[in-house]
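A short worksheet on the structure shown next.
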C-alpha cells in the first residue's frame, strides 16, 4: 500500500518538477556551450613551436668574420649577406665555449627578493622576513666579481608550473595555462636548456643528472633526469613545512660530492608552504629562512671552481603568502648566481658598474616597495640564454630572454673581438630572430610589429658590421673599436628587448569567429532566460517544456556541422546543439505567444530590477569600477533595500507598515555589517583596509600607505574572530528555532535536526579553524603541532560525514515539520494542523541550513561570521518577499479583484543574486587569482586529494555567490506557502509551485547570465588593454564559473523542492501545476 501511495505521489509531482529541471538543464547547456566556445577563442595558449636549436656546439677557434663592403653603410643587400655570414652554419657562432662544466640550480619556492636583499633602511625591515637569509648578500658584497644578486622579475601567472616553463625554455606563458598547475597537465615539449645540456654531455663519461624536490618537475621533465637520481616529493601538502626541505638537503648535498654529477636541480617548498599556511610575515617564517641560509653555507663549502651555483625563487608571494597573479610582491622573486672563479677576469668593483654592462641596462633597475631605492632587475626568462651559454649549449629555440651581461663582462677588453659579452649577445639576438621568423610563419600575432622589428634587426646588423670592419682594419683604433662594440651591444639588446615586449603584448592570440559564436550563444541564453521568466507566469512548466523540446530541432543544429567555418568537428557539433536549443526556444516562444490568462504586473519593480542589473553589468566598461565591484555591489544592494523599504510604507495594514520596513532595515544592517569583512585588491591600496585576516600591529606603521601591502598582515585567522565564530555556531540553531516558531513549524523533527545535526556540525566547523589557529602558535613544539594536525583533520572529516551523509539522509527521510493538535471548540472536538501555513518553507529551510553548515566549515573564521550574517539576511529576504505578496493579496481582496497566483518578482530574485556578490566579497574573495583560498583544499585532508580538494576550493569561493543564493531563491518561492487540499465537492486546485520555481530560477540565472555576458563583451573590447589579464580576464572567469555553478546549484535546489513537494503530496494530496 505504501509503495502504491509513493508511486502515485511521484506521478502527481514528477511532470511539473521534471519539466523545471529539464528547462534549467537546457539553459545550462547554452551557458556551457557559450562560455566554452568563447573561452577557446579568447583564452588561447600561444603557438608552441617544437623545433630544437640544433646548430651545433661551440667552435674551438673563432674570429669575427669580415663583413661585406657596404654592410657598415646599411645597404640592404649587403646586410642580408652579412646576416647569412653570421649564420652558425657558415661563419657565425651557435654557442660559446663553456665557462663551467657543472651546475647546481636550487629553486626555493616563493623566495621573494627582499628575503635576500639587504634592507637599506631599518624602518623598512620586517622582523619575520628580513635579515634571516644573509649569506647571498654578504658574499655579493665581499666577492662582487664572483656573485650576482638581482630582483628576478617573473611573468604572470605566478604559478610554479608556468614559472618552471619560463625558467627552462625562455618562453612566455599564457593566462589560461595556470589551470595546468593541477591535474597533471603541463609537460614541456618545447626546447629547453636542460635537454640541451643533456644532449651535450650524452657522449661524455660523466653525465649524472640529478633532481630532488617539488614533484612538478616530474610532470615537466619526466625523462631528463637519471631515474635512480630523481627524488620527487609531493608539492601540495602545505601543512608539511619540512619534509621536502630535509629531502633537498640530504640529496642535493650528496649529489654535489659525486664526481660524475653534471647537473643537480633542487626545489625546496618550505618557504612557500609557510607563506600559504601562515602568511609572509609570521614567526614561522624565521626558522625556515634561517634553515635555508644554513643550507646555502653548506652548498658553498662543497662548491668547486668548475661549478656554477644558481639560487633563485620561481615567484614571490603577497603578504598573505599566496601567489598566482601579477602583483609586485608575487612577481618579485630573487636570483643569486655564484662561482668560485670570478665572472669578471679583471677589476674589483661590482660587475653591474662595468661600462659594457651599463650600455645594456637602460631599463635594468626598478623599485621594489618593501625596500628603499631601485634594484638591479632581471626578467626570469633572461636566465635561459645566460645559463645556456655559460654551460656551452645552444640557446633553446623558443627563448625570448636576453643574456645577463654581468656574468659575461670583462672577460676581454670591450673592443676585443673575443670579448664574450658581445659574442654572447650576438648569438642571443640571432636565436631570437630565428624564432620570430619561425613564429611569423605559423601565426600572425606579431605581424603588426614586423616592420619595426626588421628595422631594429637591420640596425643591429649594421652596428655589428661597423665593429667587424674595424676589427679587420690593419691599424686598429682601440677607442673606435670600443665605441663600435658598445653600439653593437646596445643595438642587439634593443632588438631582443623590443621583441619580448611585443611578444608579451600579444601573448594570447584571439580567434574572433569563436569569440563571436560564444557571445552569440551567451546572448541567446540571456534571451532564453528572459522569455522563460516571462512565460512561466502564464503557462505551466510542463506546457513550456512540451512546447520547447529542443531535441525536435536537431536538424537545425546539423547545419552547423556542414558550414565551412574554421571550427573543429567537435566544436561544430557543440555549436549545433546550442543552435538546436535556441531554435526550440524560439519555436516555443512563437507557439505560446498568446497569453491564456491575466497576470498582475509590477512595472515599477521590474523596471527597478532591470535598472539595477544594467548598472551592475555596466561597471565592467571601466577598469576602476570593476576593481571596486565589492563596494559597488554593496551600494546597489542597499539601494534595492531602500526602495523596497520605502515602498512598504504604503502597505494596506498597520502591521505590514511596521514589519516590512523593520525587516528591510534589519537586512541592511546585517549586510552592512558583513561587508566590513574584506580583502583588498592590489589596485585598491592604499584606500582599502583589509579585515579578513588577523593584522599584526607594528609601532612604525610602515604598511599603512604602502600599496604592496594591500593585504597587510599574515594569512592567519584572529583568535578573537575564531572565538566569535564558535559562539555564532552555537546560537545559529536558536535563531533557526525562533524563525520556525513564528510559523509553528519548530516540531520535534526540526528540533532533532537542529540540535543533533546542525549545531554539532557548526560547532565542529568553528572548532576546526580554532585548532588551525592554535597549530601556528610558536609555543608548541613539532610533536604538539603534529597532534593538532591529526585532530583538526579528523574534526573536519567527521563534520563532513555528519553534514553530507547523516544530515542529508535525515532531511530526506524525515517527515514535514507539521503536527496535529486536537482541541475542543464550543464543546466539539476539532483537529488543527500546526505548521500547515509554512509546510513547504520550513522543510526547505532545514535543507538550506544543512548547506549553510557545509559552507560554514569551508569558510575561514571571519568568513564564518560573514556567511552567518548572509544566511540570516537571505532568510529575512524570504520573509520580506512573503510580506510584500501578503500586501498585494490584501489589497486585491479589498478591491474585490480576482486573486491570481503570486510569484516572486524579478526585483526579489535580483536582490538575492546581488546579496550573493556581497557575501562573496565578505568571505575573503576578489576577482583575482591571489584571493583564492587554497588552504581550504586541505580541510579534511593533509595533501591534495582529487576530486575533493578542488571541490572544496570551489565551494569555498562560489558557495556564497552561487549555491547559497540559489537555495535562497527556492526558499523565497516556498516560504509561508500552504498546500492546497482537495475537497469532496470541488475538483482539486493545482498549485503553481513548479511554475513559480521556474520563474524565480530564470530570474536568478538571468542576473548571472547578463553579468557573465557583460564581462565577456568588455574583456573582448579591452583585449589589447594593459590591464586585460589583471582586471577583465579574472572577472570573466569569475562570472563564467559563477554562472555555471549557479546553474548546478539551481538544479540541486529544485531537486530539494521536488522532495518537499513529494512529502506535501503524500500528507495533503496537493496537486502541482
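In full-length UniProt numbering, the protein residues as written are 1 to 1073.
Glycine residues also receive a C-beta, built at the ideal position from the N, C-alpha and C atoms.
Q | Candidates 738, 833, 853, 839: closest to residue 756 by CA position | A | 853
Q: Below 6 Å CB to CB, which residues in the same chain sit around residue 321 once its five sequence neighbours on both sides are set aside?
A: 275, 276, 279, 280, 715
Q: Would you be able to state if there are at least three C-beta pairs under 8 Å between the segment 33-41 and the segment 516-524?
A: yes
Q) What does a CB cutoff of less than 7 Å around residue 1079 pick up in its chain, not counting 5 residues either side in sequence? A) There is no way to answer for residue 1079, as the model of the chain reaches only from 1 to 1073.
Q.
So, does the segment 301-318 touch the segment 805-820, judging by three or more C-beta pairs under 8 Å?
A. no
Q. Is there contact here, the segment 620-640 with the segment 932-939, by at least three beta-carbon pairs under 8 Å?
A. no
**Q.** Whole-number beta carbon distance between residue 961 and residue 1042, since they are thought to touch under 8 Å
**A.** 5 Å
Q | Pairwise C-alpha distance: residue 466 and residue 64 | A | 12 Å
Q. Could you check where the beta strand (DSSP E) with residue 233 kicks off and where it finishes?
A. 230-233
Q. Okay, do the segment 904-912 and the segment 679-686 touch, 3+ Cβ pairs below 8 Å being the bar?
A. no
(Q) Residues in the same chain with beta-carbon distance under 7 Å from residue 917, minus the five sequence neighbours each way, listed in chain order, please. (A) 633, 961
Q: Pick out whichever of 103, 422, 468, 425 has its Cα sitting closest to the Cα of residue 265.
A: 103
Q. Exposed or buried, what is residue 618 when buried is set at 16 or more other beta-carbons lying within 10 Å of its beta-carbon?
A. exposed
Q. Going by Cα to Cα distance, which pick from 676, 246, 908, 844 is closest to residue 967?
A. 844
Q: Spatial neighbours of residue 184 within its chain, please: CB distance less than 7 Å, with the 5 preceding and 5 following residues excluded, ordered by chain position.
A: Only weak support is given to the placement of residue 184: the predicted model assigns it a pLDDT of 43, under 50, and the value that follows is read from those uncertain coordinates. 219.
Q) Taking C-beta to C-beta, are residue 965 and residue 1071 nearer than 8 Å? A) no
Q. Residue 979 to residue 513, Cα distance in whole Å?
A. 51 Å
**Q.** Separation of residue 331 from residue 230, as counted between CA atoms
**A.** 28 Å
Q: Can you tell me which of the three DSSP states residue 338 falls into?
A: strand
Q. Is it true that the CB of residue 401 sits closer than 8 Å to the CB of residue 381?
A. yes
Q) With a CB to CB cut of under 6 Å and the five nearest residues on each side skipped, what residues in its chain are close to residue 126? A) 281
Q: Please classify residue 720: is it buried, with 16 or more other beta-carbons within 10 angstroms of its beta-carbon, or exposed?
A: exposed
Q: Using three-state DSSP, classify residue 332 as helix, strand or coil.
A: strand
Q. At which residues does the alpha helix (DSSP H) containing residue 437 begin and terminate?
A. 420-442
Q: Using the Cα positions of residue 271 and residue 108, report the straight-line distance between them to the nearest angstrom.
A: 7 Å
**Q.** residue 105 - containing beta strand (DSSP E), residue span
**A.** 102-108
Q. In or out: residue 760 buried (at least 16 other Cβ within 10 Å) or exposed?
A. buried
Q.
Within 8 Å of any Cβ in chain C, is that where the Cβ of residue 687 sits?
A. No chain C is part of this structure, which consists of one protein chain only.
Q) Does DSSP classify residue 677 as helix, strand or coil? A) coil
Q.
Given a cut-off of 8 Å on the beta-carbon distance, is the pair residue 341 and residue 288 in contact?
A. no
(Q) Please classify residue 259 as buried or exposed, where buried requires at least 16 other C-beta atoms within 10 Å of its C-beta. (A) exposed
**Q.** Paired residues, beta bridge with residue 214 - DSSP
**A.** 233
Q: From the DSSP output, in three-state form, read off residue 819 for me.
A: strand
Q. Where do the ends of the alpha helix (DSSP H) carrying residue 159 lie?
A. Note, residue 159: premise wrong, no alpha helix (DSSP H); not H, not E.
Q. CA-CA distance, residue 654 and residue 841?
A. 25 Å
Q: Go through its chain and collect everything with a Cβ distance to residue 864's Cβ below 8 Å, but skip five positions before and after it.
A: 725, 728, 729, 765, 766, 769, 856
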